[in-house]
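Chemist: One gets the numbering used here by counting positions in the sequence shown from 1 and adding 2 to each.
C-beta atoms are modelled at their ideal positions from N, C-alpha and C, and glycine is treated no differently.
Predicted model only: the values in this text are computed from it and were never measured.
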Amino acid sequence: MEDASTSANWLQELLSLMGYTASVNTSLMEAFPNVAGNSQNYWLEISTEGLQEQQIQRLIGQDGVVIDSLQYLANTILNNHIPSDTNQLENHRQNYNFYTVELNGYRSKHLASLHELAENAVQKVRETKAELALKHLSSADRRYIHQLLESFPDIETYSQGKEPNRHLIVKLV
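(1) Per DSSP, residue 171 is paired with what?
(2) Helix, strand or coil, according to DSSP, for residue 151 in the structure here?
(3) Quick check on the DSSP output: what are the complete beta strand (DSSP E) runs of length 3 or more inside the stretch 42-129, in order along the chain?
(4) Between which residues of its own chain and residue 68 is the CB-CB distance below 8 angstroms, once the five residues before and five after are set aside?
(5) Looking at residue 135 and residue 169, is the spacing between their C-beta atoms short of 8 angstroms?
(6) Rounding to the nearest angstrom, what Cα-Cα distance links residue 43 and residue 131 in this structure?
(7) Could you tell me whether the Cβ atoms of residue 114 and residue 150 are closer together than 8 angstroms?
(8) Taking the alpha-carbon positions, what's the residue 47 to residue 103 distance?
(9) Is the distance from the Cβ of residue 172 to the Cβ of residue 133 below 8 angstroms?
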């Protein structure tokens, strides 16, 4: 669990640099079936103990923009051992870890809403037999829905467009 300890310490230090005194608890979560090799899925939960409500809201940010940024930084920095050279990338993907940052139940509620969105999209695509575009999703949200819907053999997903207008397409195979 060296990665867990390292990730908790890293996030705690970042929070300290931002002016927040908070502990971080790390747990290993079940990964999606398509996660390869030695990859792990770590849940980094920022403790609300000692944080005021206003501080919690600032750390989450409007529409989760701050907590999403913290999660992006965690995934980028804590996986800095992964080379940017695409020729070597495939070998190292097996050691890529996934980090989810949680605070005050925000991430759990957000993932539950994404799960509901994905299920509704599948139902609508099956009923109408037409593809459906899910817009205004972050790259992490699109990846989460891609992974969720991989278990549906009759459904295909792909991302289309360029940021900030990139969207996820759900369609029948």
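Modeler: Put simply:
(1) Answer is 135 and 160.
(2) Helix, per DSSP.
(3) Complete beta strand (DSSP E) runs here, min 3: 43-48 and 100-105.
(4) So the list reads 60, 61 and 62, once near-sequence residues are dropped.
(5) Taking 8 angstroms as the Cβ cut-off, residue 169 and residue 135 qualify as a contacting pair.
(6) Their backbone Cα atoms lie some 34 angstroms apart in a straight line.
(7) Result no, Cβ atoms of residue 114 and residue 150 do not sit closer than 8 angstroms.
(8) So the two alpha carbons sit approximately 6 angstroms from each other.
(9) The answer is yes: Cβ separation under 8 angstroms.
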